[in-house]
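Some notes on the structure that comes next.
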Amino acid sequence: MAPITLDHITKRYPDGSLAVNDFNLQIQDGEFVILVGPSGCGKSTTLNMIAGLEDITSGELLIGGAVVNNKSPKDRDIAMVFQSYALYPHMTVRENMGFALKLAKVPKDVINQKVEEAARILDLTQHLDRKPANLSGGQRQRVAMGRAIVRDPAAFLMDEPLSNLDAKLRVQMRTQVSRIQRRLGTTTVYVTHDQVEALTLGDRVAVMRSGLLQQVGTPGELYHRPFNLFVAGFIGSPAMNFLPGSLEGGALRTALGDFPLTDELRREVEGANAGRDVIVGIRPENFEDAALVPAETRARGITFKTAIDVLESIGSDVFVYFTRGRDTRVSSAELDELAADSGSTDTGADAETVTARLDAATRVREGTDAELWADGAAIHVFDPATGRNLSLAAKAGDPVPPAPQQEGSAS
Amino acid sequence: MAALTGKQQTGWTAANFVVIVLALIPVAWLVSLSFKAPSAVTDPSFWPAQWTWGNYSGILTSAQFLRPLVNSIGIGLISTFISVVLASMAAYAVARLSFPGKSVLIGLALLIAMFPLIALVTPMFTIERSLGLFNTWFGLIIPYVAFGLPLGIYTLSAFFREIPWELEKAAKMDGASPFQAFTLVIAPLAAPGMVTTAILVFLACWNDFLLAISFTSTISSRTAPAAMEYFSGGSVFTTPTGPISAAAVVITIPIIIFVLFFQRRIVAGLTSGAVKG
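Chains as they are written, first to last, in our numbering: chain A, 1 to 411; chain B, 1 to 277.
Structure representation (structure tokens):
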């Protein structure tokens, strides 16, 4: 158990491409930190550098206070769980789990005892003498976890350990990973491209894009106070809606209507010198069926009429989709990248569609016009040129809202 | 592959049958000759009228055959062992690492394999004479290893490429040195490839005639195929057809056993279960 410090870590490949650029992160002893981002953002490279499987071009990596840049993986006292599990196919589960201890010349009875204890935690006791080929995907995943646990290392590194499991098993294993980490209290760095996994597992989440760290924070911070367009669009499922807006007088004009601007927000936006055109972000749950909004909160936002294209009821909530009018596409490199990553450019999903999450009690019907309400206090305003969130200061005074409900919206 | 129609199936069966018969007739003939008495060799019947063990007892009690048989086994096994060990290391490097001169190395290995052996015999003979390797075991082992390596490197690098790279990373994370990762994780998984390579190299050594006859002069290092050349008949006027046939049958048996024994390992897909679910 040890803290891990990444101090100005940079990875440049021999061909000159920059995989990780000036990465700074302090991971506390026992903390569970998630590295998340779309594929190719450098998160796995960062993990491999912590593991010692890739060289660090510049910067310092400290594990337990000691610089380990030039130490080989075996001298770093860390265990890793691979996406493919990488179990040794010619060894039984017991041998797989005890391999590291055997190499460390730990006495046989101690190995046996540790392996059996790990097997008990992971519910693998009856499979100890089987070969990986005879195990199911979930069992293999647990063996891979067990191989890390028996070592009792300074830190666990996990590289998308759940992405090969089917959706249901993934949710179960997610809970188990979390429970094991709490129980052992071992510092853990976990890489994933799945933002739901990131938000549910992590004490803190680090969002990466193109080798650059975008934001580090608790899941709640990332969700409610994203630093920029990328984090705002990446975190949250369904994703935040983005619409073009312009500042006119004291109001923020959008295709949905004019949002009243608080003085704080106006000052911030004007101070940023961002020009009059901005991008407005609204999360799906910041919409509501206008009929269900109490009069006293109604004034905080705007109401508008729209035709509901599609309605999906998942019992606890109702998702509605509507278009917000022509020529309202926002363009930004960050949003384009997010769209490419989520596959919406391949599926032809319409970027002009707005998603709203309504209370299950709504009477809105598919194909009809409905009156919806959008919460003006919850909107985010972004500078289209830099992607920076201009409304952060305005939200500084807000109490940190409760963590979002993610389970139901797992995609 | 689409299922064969009845007509196609009959056609293929017939074709296979023809090929097998064509391949086996000479073998059957050889076996038949080995059981004929010297006087019956010219006998027109395919199978001997009188079966005799005479040829076998003759060669198996003669140092002219037994000593070369021992040489064949010894030289073959040592050459195979050295080839497989060196080839697996080289193949691993070729499959896993990128280093300057890698393509040159592969090209050179191919070049050795493509060179006509007969063109090399004379220079190698001179070299072996001057190095004092002529008519020794190592005089044969060194060229056998040299010609076995290209084959071994090719076969094994294909096997190494199939082994998931992450297994080695996992071994490193588990605290293995590069050598331990290779011997404890990678090599066991490449075992089918190593066995395949070993069989191919051993066969090449075992069956070699050209080098064996060129680089040896006495039975102290002559191998079995070369020794058969020196068999003599009952008199100057009789050819030793029977003993040669018997010797040919005897040296074929180890090969059959070798292949049958390792066949299962060759085809076994050992890497299943390494990754994913």
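Think of the CB as a built atom: it goes at the ideal place given N, C-alpha and C, for glycine as much as any other residue.
Within the model, the alpha-carbon separation for PHE46/B versus SER32/B is close to 7 Å. Listed as beta-bridge partners of ASP277/A by DSSP are SER246/A. Flagged as an interface residue toward chain B: PRO73/A, by a C-beta distance shorter than 9 Å.
For SER177/B, a Cβ of chain A is located within less than 9 Å of the residue's own Cβ. Taking 9 Å as the CB threshold, LYS172/B lines the interface with chain A. Around the beta carbon of ASN241/A, 16 or more other beta carbons sit within 10 angstroms, so the residue counts as buried.
In the three-state reduction of the DSSP assignment, PHE209/B falls in the coil class, being assigned neither a helical nor a strand state.
In the DSSP assignment, ASP109/A falls within the alpha helix (DSSP H) that extends over 108-122. Against chain B, the CB of ILE78/A has a partner CB under 9 Å away; the residue lies at that interface.
ALA118/A does not reach chain B, its nearest Cβ partner there being about 14 Å away, counting only Cβ pairs nearer than 9 Å. Taking C-alpha positions only, PRO188/B is separated from PHE179/B by approximately 13 Å. If you look at TYR13/A, you'll find it isn't in any beta strand (DSSP E); DSSP assigns it neither H nor E.
Linking LEU156/B to LEU103/A through their CA atoms gives a straight-line distance of about 26 Å. Leaving aside the five residues that flank LEU210/B on each side, the residues in its chain whose CB is nearer than 7 Å to its CB run, in chain order, LEU117, ILE118, VAL121. Within 9 Å of the CB of GLN180/B, the CB atoms of chain A belong to LEU103, in sequence order along the chain. If you keep only unbroken alpha helix (DSSP H) runs of at least 4 residues inside the segment 203-234 of chain A, you get 219-224, 229-234. For LEU252/A, the pairing in a beta bridge is given by DSSP as LEU247/A, PHE259/A. Neighbours of PHE99/A in chain B, taken as residues at a C-beta separation under 7 Å, are given in chain order as ASP174. Secondary structure note for PHE17/B: its alpha helix (DSSP H) is the uninterrupted segment 6-34. Each residue's CA atom was taken as its position, placing SER62/B and ALA248/B some 15 Å apart. The beta carbons of GLU366/A and LEU311/A sit about 4 Å from each other, so the pair counts as a contact at 8 Å.
Non-local C-beta neighbours of ASP309/A in its own chain, meaning closer than 6 Å and more than five positions away in sequence, comprise TYR321, PHE322, ordered along the chain. For MET80/A, no alpha helix (DSSP H) encloses it; the enclosing beta strand (DSSP E) starts and ends at 78-81.
In the structure shown, the three-state DSSP call for ALA191/B is helix. Note that the C-beta distance between ALA212/B and LEU97/B is not below 9 Å. PRO3/A sits close to LEU62/A, with the two beta carbons spaced by under 9 Å.
Between the segment 75-83 of chain B and the segment 196-208 of chain B there are three or more inter-stretch CB-CB distances shorter than 8 Å, so the stretches are counted as touching. Using a 10 angstroms sphere on the CB of PRO14/A, the tally of other CB atoms stays under 16, which defines it as exposed. Between the alpha carbons of VAL269/A and GLY250/A lies a gap of roughly 11 Å. The Cβ-Cβ distance between HIS380/A and PRO238/A does not fall below 9 Å. DSSP, reduced to helix, strand and coil, places ALA340/A within a helical segment of the structure shown. Beta-carbon to beta-carbon, VAL191/A and LEU199/A are separated by about 15 Å, too far to satisfy the 8 Å threshold. ARG170/A has its alpha-carbon roughly 13 Å from the corresponding atom of ARG140/A.
Under the three-state reduction of DSSP output, PHE215/B falls in the coil class, being neither helix nor strand.
In this chain, the alpha helix (DSSP H) harbouring TRP137/B covers 137-162. Contact check for PHE147/B against MET194/B fails: the beta carbons are separated by 9 Å or more.
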